[in-house]
Amino acid sequence: MALLLHQARFFTTVNHLRDLPATARPEIAFAGRSNAGKSTAINLLCNQKRLAFASKTPGRTQHINYFAVGTADDPAGYLVDLPGYGYAEVPEASKQHWEVLLSQYLKTRAQLRGLILMMDARRPLTELDRRMIEWFAPTGRPIHALLTKCDKLTRQECVLALRTAKKGFDEYKQQGFEGELSAQLFSALKRVGLDEAHAVIENWIVPPADTSAADEAAERPAR
Numbered sequence: 001m002a003l004l005l006h007q008a009r010f011f012t013t014v015n016h017l018r019d020l021p022a023t024a025r026p027e028i029a030f031a032g033r034s035n036a037g038k039s040t041a042i043n044l045l046c047n048q049k050r051l052a053f054a055s056k057t058p059g060r061t062q063h064i065n066y067f068a069v070g071t072a073d074d075p076a077g078y079l080v081d082l083p084g085y086g087y088a089e090v091p092e093a094s095k096q097h098w099e100v101l102l103s104q105y106l107k108t109r110a111q112l113r114g115l116i117l118m119m120d121a122r123r124p125l126t127e128l129d130r131r132m133i134e135w136f137a138p139t140g141r142p143i144h145a146l147l148t149k150c151d152k153l154t155r156q157e158c159v160l161a162l163r164t165a166k167k168g169f170d171e172y173k174q175q176g177f178e179g180e181l182s183a184q185l186f187s188a189l190k191r192v193g194l195d196e197a198h199a200v201i202e203n204w205i206v207p208p209a210d211t212s213a214a215d216e217a218a219e220r221p222a223r
C-alpha cells in the first residue's frame, strides 16, 4: 500500500476551519516545530521532491495543506500538513491564529485517524510538542512521533532520545490518556525508519482488514 502514498498529490489548502473540505475519507495529520523536517519527511514518504514546501520564512505559513493519496477519482485518504509552530519571530496575532486553527482541528475533526508528530531527535518533547499531545490525545486516537534528524546523533544518543520520548509518552498514559502513543527514530537524509513510518500511516488510512480495497485503489491508474 506504500504505492498509495507514492500517488500523493496536492488537493487543497485552507486557512480557516470553515473551509475544511467536506470529505469522508481518513485524514492523517502531520505536525511539528518549525525546522523539525516535516516537509522533507512528507516528501520522502510520498517519494516526491516538491510535494510539501517549507516556508522560506520559518513559522510564517499558517495554512493547512491537504494531499490526496490514492487515485484521483477515489482517494483512499488525505495527508494533512499542519502549520509549523514554535518560531520566535512569528507575530502574536499569527501565534493566536495558529493555536485556534490547530487546536480546534485536532480536537474536533471527525475524519482524523491519527497524528504524526515530528520532533527533532536532539530536542524531543518540547513544551509546544506537549501542547499538541495534550490537545489531541484526549480524542483517543493514536499519536506516532518521528524523531527526525537522528543521523545527527551517535547511536547512544539515538537510544537516549527514543527512551526519553517513550518515557514521556508513558507518563501521559499514566495520567489516563487512552490513545496509543508510539515513537521511532527517523532520518530523511539516511532514510532511517522509512518502512516503519510507512507501515503506521498505511494502517491508519486503511486498517489491515481493508487491505484488499487498498490494493485495488493502488492498482487503478491515476487519472
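First residue of the sequence shown: 1, per full-length UniProt numbering; consecutive thereafter. Built from N, CA and C at the ideal position, the CB exists for glycine as well.
Figure out for me which residue from the options has the closest Cα to the Cα of residue i.
| i | options | result |
| --- | --- | --- |
| Ile133 | His63, Arg25 and Leu106 | Leu106 |
| Lys173 | Asp195, Leu147, Val192 and Gly140 | Gly140 |
| Ile143 | Leu112, Gln104 and Ile64 | Leu112 |
| Trp135 | Thr40, Leu115 and Asp73 | Leu115 |
| Trp98 | Pro208, Ala188, Ala31 and Phe67 | Ala31 |
| Gly37 | Trp204, Ala209, Glu196 and Lys149 | Lys149 |
| His198 | Glu27, Phe10 and Ile42 | Ile42 |
| Gln184 | Thr126, Asp120 and Gln175 | Asp120 |
Please confirm whether residue i and residue j have their CB atoms less than 8 Å apart.
| i | j | result |
| --- | --- | --- |
| Ala76 | Val206 | yes |
| Ala165 | Leu194 | no |
| residue 224 | Arg50 | Beyond the ends of the chain as shown, which are 1 and 223, falls residue 224; an answer cannot be given. |
Do you know how far the Cα of residue j is from the Cα of residue i?
| i | j | result |
| --- | --- | --- |
| Leu153 | Arg122 | 7 Å |
| Phe169 | Met118 | 14 Å |
| Lys79 | Ala29 | The question names Lys, but residue 79 is Leu in the sequence shown. Going from the Cα of Leu79 to the Cα of Ala29 covers about 6 Å. |
| Glu171 | Val159 | 18 Å |
| Val69 | Ala161 | 31 Å |
| Ile201 | Leu4 | 11 Å |
| Asp73 | Arg109 | 23 Å |
| Phe10 | Tyr85 | 22 Å |
| Val192 | Arg25 | 29 Å |
| Glu180 | Glu196 | 16 Å |
| Glu127 | Gln156 | 24 Å |
| Tyr66 | Gln175 | 33 Å |
| Thr71 | Gln96 | 36 Å |
Quick check on residue i: buried or exposed, where buried means 16 or more other Cβ atoms within 10 Å of its Cβ?
| i | result |
| --- | --- |
| Phe186 | buried |
| Ala22 | exposed |
| Ala209 | exposed |
| Trp204 | buried |
| Glu27 | buried |
| Phe53 | exposed |
Can you give me the Cβ contacts of residue i inside the same chain, cut-off strictly under 8 Å, excluding the 5 residues immediately before and after it?
| i | result |
| --- | --- |
| Ile64 | Thr13, Val14, Asn15, Leu20, Val80, Asp81, Leu82, Pro83, Leu101 and Tyr105 |
| Lys167 | none |
Could you name the residues of the same chain whose beta carbon sits closer than 6 Å to that of residue i, not counting the 5 residues immediately before and after it, in chain order?
| i | result |
| --- | --- |
| Arg60 | Low confidence applies here, because Arg60 scores a pLDDT of 47, under 50, leaving its location unreliable; read the following figure in that light. No residues qualify anywhere along the chain. |
| Phe177 | Ala137 |
| Leu44 | Ala188 |
| Ser182 | His144 |
Here's a check: name, in chain order, each residue in its chain whose Cβ is nearer than 7 Å to the Cβ of residue i, leaving out the five neighbours to either side.
| i | result |
| --- | --- |
| Arg18 | none |
| Lys190 | Asp151 |
| Pro124 | Leu147, Ala161, Thr164 and Ala165 |
| His6 | Cys46 and Asn47 |
| Ser103 | Trp135 |
| Thr40 | Ala188 |
| Glu92 | none |
Measuring only from the beta carbon, is residue i closer than 7 Å to any heavy atom that is part of the ligand NAP?
| i | result |
| --- | --- |
| Phe53 | Looking for the ligand NAP in the displayed structure turns up nothing, as the structure carries no ligands at all. |
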